[in-house]
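Sequence order for the protein chains is A and B. Quick note on the numbering used here: the first sequence kicks off at -3 and runs consecutively. Quick note on the numbering used here: the second sequence kicks off at 708 and runs consecutively. We put the beta carbon where it would ideally sit given N, CA and C, even for glycine. Just so it is clear, the structure is predicted and the values come from calculations on it, not from any experiment. Taking it in order: structure first as structure tokens, then the write-up.
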Amino acid sequence: MKSAVILFPGSNRERDAARALKDVTRSDVKIVWHGETELPSGTDLVLLPGGFSYGDYLRCGAIAARSPVMDAVRAHAAKGGLVLGICNGFQILVESGLLPGVLLRNSHLKFVCRAQHLKVERNDTAFTRLYEKHQVIEVAVAHGDGNYLADADTLKRIEGEGRVAFRYCDAAGNVEKNSPNGSVNAIAGIYSEKFNVLGMMPHPENLIDPLVGGTDGAGLFESLGQKAA
Amino acid sequence: MKARVTVTLKTSVLDPQGKAIEGALKSLGFGGVESVRQGKVFDLEVAGSDKAKAEAEIRQMCEKLLANTVIESYRVEIAG
């Protein structure tokens, strides 16, 4: 499979993402500058990495969402191509209209950086097929603006269509109502209508090597590799 | 021509920063503060002298970039 990791001014997790795609997904990876108007030909997966694109000016992800490359990313998603936005990448996806809702400042107003358990809501998507349904995984979170919110109708639709990908929970899998950022329904990640676009605040790309505390994030990148097979 | 755009969170959206500022004002002894909502102000200079045209264009800027209309509302004022 071929992946494109988009680099915005202020991205800082693009190398972690590229490494996970190379080492775990076994994908061919290109780093693509945000000023490009086309994706490399044959791109299967676009990854929008974490960081602080444009210094979080205006709103997190707002200016990156209007970059030239995002039209190509929208076209890729419209054709059913896979798109994964992590952390700032998730913020860019909601600002660009590829996913519904918004990510507000954490309800307690503090940047949160720690290990966090997540519940995998479904395992029949390109991103999660190698996890068990309702498996509890431990990955990292590091964000100041991860408080997911959508209006009542949108939320009802997302929940009704089973589009919540991950929820914050404790080690036993109990969903925490108000942690770590105040997200409605403890939402940590959501899918698009066709389940080909995933946005998530936590960082699975940082938990792929036992040397740095765990490998629970590897399942996501292995799942993506299965898709190509 | 000068224009000012004010962007604020919709009243249905909780504003934790506003709440924190409200708490700080109260701790400074401003007991009369009932609520604080934080927002953003953009001062623009735009070419031309057609106020209606400028306002229409600035409203488009708000819809496309300056405000996230999922959670924010905006107000446009043209000076002069």
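- Taking 8 Å as the upper bound for CB-CB distance, A/Gly38 and A/Lys(-2) are in contact here, some 5 Å apart.
- The C-beta of B/Ile778 comes closer than 7 Å to at least one C-beta of chain A.
- Within the same chain, Cβ atoms closer than 6 Å to the Cβ of B/Ile728 are found at Val743, the five residues on either side in sequence being excluded.
- Interface criterion met: the Cβ of B/Ala727 is under 7 Å from a Cβ in chain A.
- For A/Phe86, there is no enclosing beta strand (DSSP E); the residue is found in the alpha helix (DSSP H) stretching over Asn84 to Glu91.
- Annotation: A/Leu105 to A/Ile2 spans about 28 Å, alpha carbon to alpha carbon.
- B/Ile765 and B/Val777 have their C-alpha atoms spaced approximately 18 Å apart.
- Between the region 135 to 150 of chain A and the region 198 to 216 of chain A, the count of Cβ pairs shorter than 8 Å is three or higher; the stretches touch.
- With 16 or more other Cβ atoms from the protein chains shown falling within 10 Å of its own Cβ, A/Lys115 counts as buried.
- Between the beta-carbon of A/Tyr144 and that of A/Val180 there is about 6 Å, and that keeps the pair under the 8 Å contact cut.
- Residue range Lys709 to Leu716 is occupied by the beta strand (DSSP E) that includes B/Thr715.
- With respect to A/Gly185, A/Phe162 sits close: the two C-beta atoms are nearer than 7 Å.
- Contacts with chain B at 7 Å (Cβ-Cβ) include A/Arg55.
- Where A/Gly156 is concerned, there is no enclosing beta strand (DSSP E), although the alpha helix (DSSP H) around it starts and stops at Ala148 to Gly156.
- Counting along the chain, B/Ile728 sits inside the alpha helix (DSSP H) bounded by residues Pro723 to Ser734.
- Contact annotation, A/Leu99 with A/Cys165: C-beta distance approximately 19 Å; criterion of less than 8 Å not satisfied.
- Cα atoms of A/Phe123 and A/Gly209: separation of roughly 22 Å, rounded to the nearest angstrom.
- Annotation: Cβ neighbours of A/Glu91 in chain B (cutoff 8 Å, chain order): Asn775.
- Following the DSSP letters along the chain, one finds A/Asp24 inside the beta strand (DSSP E) bounded by residues Asp24 to Trp29.
- If you compare the alpha carbons of B/Thr713, B/Ala786, B/Glu779 and B/Leu772 with that of A/Ser92, the shortest gap goes to B/Leu772.
- What A/Arg163 touches in chain B, judged by beta-carbon distance under 9 Å, is nothing: the nearest beta carbon there is about 20 Å away.
- In this structure, the straight-line span from the alpha carbon of B/Thr718 to that of A/Val65 is close to 34 Å.
- At a cut-off of 7 Å, the C-beta of A/Val98 has a neighbouring C-beta in chain B.
- The beta carbon of B/Tyr781 sits closer than 7 Å to those of Val712, Thr713, Val714, Cys769, Leu773 and Ala774, all from its chain and outside the five residues before and after it, given in chain order.
- Note that the region 14 to 31 of chain A does not touch the region 82 to 90 of chain A; fewer than 3 beta-carbon pairs, one per stretch, sit closer than 8 Å.
- Secondary structure note for B/Gln767: it is in no beta strand (DSSP E), and the uninterrupted alpha helix (DSSP H) holding it is Lys758 to Met768.
- Looking from the CA of A/Trp29, the closest CA among A/Gly51, A/Val160, A/Pro5 and A/Arg11 belongs to A/Pro5.
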